[in-house]
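Protein chains: 2
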Amino acid sequence: MNEEKPVLEVCLSPALLHLYNTKGAIVVIIDIFRATSTITAALHNGARCVIPVASVQDCIAIGERIPDSLTAGERDGKVAEGLQHGNSPLEYPAEFIKNKALVLTTTNGTRLLHMVKDADRIVIGSFLNLTALSNWLLAQNKNVLLGCASWKDKFNLEDTLFAGAVVHRLQHAYEINCDAARAAKHLYNSSGGKNFIEFLKDSSHYRRLSAFGLQHDMEYCVTPDLHPVVPHLAGDEIVISDTGSV
Amino acid sequence: MNEEKPVLEVCLSPALLHLYNTKGAIVVIIDIFRATSTITAALHNGARCVIPVASVQDCIAIGERIPDSLTAGERDGKVAEGLQHGNSPLEYPAEFIKNKALVLTTTNGTRLLHMVKDADRIVIGSFLNLTALSNWLLAQNKNVLLGCASWKDKFNLEDTLFAGAVVHRLQHAYEINCDAARAAKHLYNSSGGKNFIEFLKDSSHYRRLSAFGLQHDMEYCVTPDLHPVVPHLAGDEIVISDTGSV
Numbered sequence: 082m083n084e085e086k087p088v089l090e091v092c093l094s095p096a097l098l099h100l101y102n103t104k105g106a107i108v109v110i111i112d113i114f115r116a117t118s119t120i121t122a123a124l125h126n127g128a129r130c131v132i133p134v135a136s137v138q139d140c141i142a143i144g145e146r147i148p149d150s151l152t153a154g155e156r157d158g159k160v161a162e163g164l165q166h167g168n169s170p171l172e173y174p175a176e177f178i179k180n181k182a183l184v185l186t187t188t189n190g191t192r193l194l195h196m197v198k199d200a201d202r203i204v205i206g207s208f209l210n211l212t213a214l215s216n217w218l219l220a221q222n223k224n225v226l227l228g229c230a231s232w233k234d235k236f237n238l239e240d241t242l243f244a245g246a247v248v249h250r251l252q253h254a255y256e257i258n259c260d261a262a263r264a265a266k267h268l269y270n271s272s273g274g275k276n277f278i279e280f281l282k283d284s285s286h287y288r289r290l291s292a293f294g295l296q297h298d299m300e301y302c303v304t305p306d307l308h309p310v311v312p313h314l315a316g317d318e319i320v321i322s323d324t325g326s327v
Numbered sequence: 082m083n084e085e086k087p088v089l090e091v092c093l094s095p096a097l098l099h100l101y102n103t104k105g106a107i108v109v110i111i112d113i114f115r116a117t118s119t120i121t122a123a124l125h126n127g128a129r130c131v132i133p134v135a136s137v138q139d140c141i142a143i144g145e146r147i148p149d150s151l152t153a154g155e156r157d158g159k160v161a162e163g164l165q166h167g168n169s170p171l172e173y174p175a176e177f178i179k180n181k182a183l184v185l186t187t188t189n190g191t192r193l194l195h196m197v198k199d200a201d202r203i204v205i206g207s208f209l210n211l212t213a214l215s216n217w218l219l220a221q222n223k224n225v226l227l228g229c230a231s232w233k234d235k236f237n238l239e240d241t242l243f244a245g246a247v248v249h250r251l252q253h254a255y256e257i258n259c260d261a262a263r264a265a266k267h268l269y270n271s272s273g274g275k276n277f278i279e280f281l282k283d284s285s286h287y288r289r290l291s292a293f294g295l296q297h298d299m300e301y302c303v304t305p306d307l308h309p310v311v312p313h314l315a316g317d318e319i320v321i322s323d324t325g326s327v
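Protein chains in written order, with the numbering used here: chain P, 82 to 327; chain D, 82 to 327.
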């Protein structure tokens, strides 16, 4: 038997997405600080869906239309004007978010998610669901593109570090001929595979969000497996099934 | 005295170049396999200039116009039809290239070089001139952008590894708030700072060029300091001064 392995690749910025063939592949959206961490946490805590939208205006409009919904999003570290809540995974405990729809606008993650057009499936990745996501991907036996949301198209360390963590777990089962995947894995190895926050303390995003007092938020976002679900996009909504996998 | 340090950044792909402010900065063009390695070697060996051109057609036309010139360039590992020589640094020893103009067309390096419009200076970087380049940059006290030519806009390991080697040498004297620079440095540290070819043997470009039998070429290209000059762009030509620096 000469079964071909599926292909695993890493895209380091939305500005490079056009270089990858996403048709028929599973695309993992990665925005560690903090969109995909917040989405993972809110859904695991019982939100009935997360609706990612590009602008504050859309967020308000959709929030008004949908019953039992909350609007959320930040600009420059503060709740955006006209919205109700922020972009922290810690703001959405079960008693607060259960059965609600979270209408969320973010700078980078939402944009990348809306750019992917022809994937087999779009799923959400974060340290909070690292093992659940990796195991689910392995079970699919399909090509995978790990898509880093980055920061306004600029390469960032935390999304790539997470991509490296996934490459580390998946590499035995995939064909990898992608230097970005190799570099992500080296980065993950450099971190020692633990104490990610220490590794990220010199990163641009850590510096920026620290200025807003969000150190605790970031520590939470890089803690593996607190929310073992695999959120996926279904129409305009991000959801999980009852069993915690798609 | 509170003297501000100049800024050091790394651009991982020509497709991300628009995100960086190159005005007034020194831009280092990096295309390790093999454009910038060949340019560095040819000039150190006595070529009077290298003229980088985008297409085989331009290469032929300019070669016909300029006395004592050679045309060179490869497509898929072979000398391109209509050109005289290939894209190997080993093809241009002193006895062959001295006082000649090398009209060179390459896939990636040339393109990036032509994309940079408003830099203070465009210079050529390769392992072959690593120390000379680093020392020259340190002496300028200006903002620096290390520009990886990549492979058809896709991130590559060898250009980023070299960028990391430069960051390693420059970091004490520059303000670095660029995750790509941090990642490049981690990559360089992962390599152990030596035996670069072993580190690169799993890279996409090593695999591709190995299929053309170019292992020895690549080993040469990652050998530090064989050609200690700092080539720079002057008009349409890449040149060095008599003293081996710009």
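For each residue, glycine too, the CB sits at the ideal point set by N, CA and C.
Report task. Just tell me which of R192(P), V137(P), V311(P) has its CA closest to the CA of P95(P). Result -> R192(P)
Requested in this report: Give a yes or no on whether 8 Å exceeds the smallest Cβ distance from N168(D) to chain P.
Outcome: no
Query raised in the report: In this structure, does DSSP put A292(P) in helix, strand or coil?
Result: coil
Query raised in the report: In three-state terms, what does DSSP make of L307(D)?
Result: coil
Requested in this report: Kindly indicate if chain D contains any beta-carbon less than 8 Å away from that of F236(P).
Outcome: yes
Query raised in the report: What does D283(P) reach in chain D if we use C-beta pairs closer than 7 Å?
Result: R263
**Report entry** chain P within 8 Å of T241(D), Cβ atoms only
**Finding:** yes
Query - Within chain P, the residues that R192(D) reaches when beta carbons sit closer than 9 Å - result: Within 9 Å Cβ-Cβ: nothing; R192(D) doesn't reach chain P, min ~15 Å.
Query raised in the report: Using 8 Å as the limit for Cβ to Cβ distance, is S271(D) near chain P?
Result: yes
Requested in this report: Please classify P133(D): does DSSP put it in a helix, a strand, or coil?
Outcome: strand
**Report entry** Per-residue DSSP class, three states only, for S271(P)
**Finding:** helix
Query - chain D contact residues for S207(P), given Cβ-Cβ distances below 7 Å - result: Those within 7 Å of S207(P) in chain D number zero; the least Cβ separation is about 18 Å.
Requested in this report: Write down the C-beta distance between R263(P) and L238(D) rounded to the nearest angstrom, noting that I regard them as a contact closer than 8 Å.
Outcome: 6 Å
Report task. For the segment 104-130 of chain P, enumerate the residues whose C-beta is nearer than 9 Å to any C-beta of chain D, in chain order. Result -> none
Requested in this report: State the CB to CB distance for the pair V310(D) and A213(D), rounded to an integer number of angstroms; the pair is presumed to be in contact (CB under 8 Å).
Outcome: 6 Å
Query - Nearest-angstrom Cβ-Cβ length linking C302(P) and I113(P), presumed shorter than 8 Å - result: 6 Å
Query raised in the report: With 16 as the cutoff for other CB atoms within 10 Å, does D199(D) come out buried or exposed?
Result: exposed
**Report entry** Sequence-distant residues of its chain with Cβ nearer than 7 Å to T103(P) (five each side left out)
**Finding:** V197, D199, A200, L226
Query raised in the report: From S272(D) to V134(D), what distance separates their C-alpha atoms?
Result: 33 Å
Report task. Please state whether DSSP places T186(D) in a helix, a strand or coil. Result -> strand
Query raised in the report: Between E279(P), G163(P), K233(P), which lies nearest to I141(P) when the distance is taken from Cα to Cα?
Result: G163(P)
Query - Contact list for L268(D) against chain P, beta-carbon separation under 7 Å - result: A264, H267
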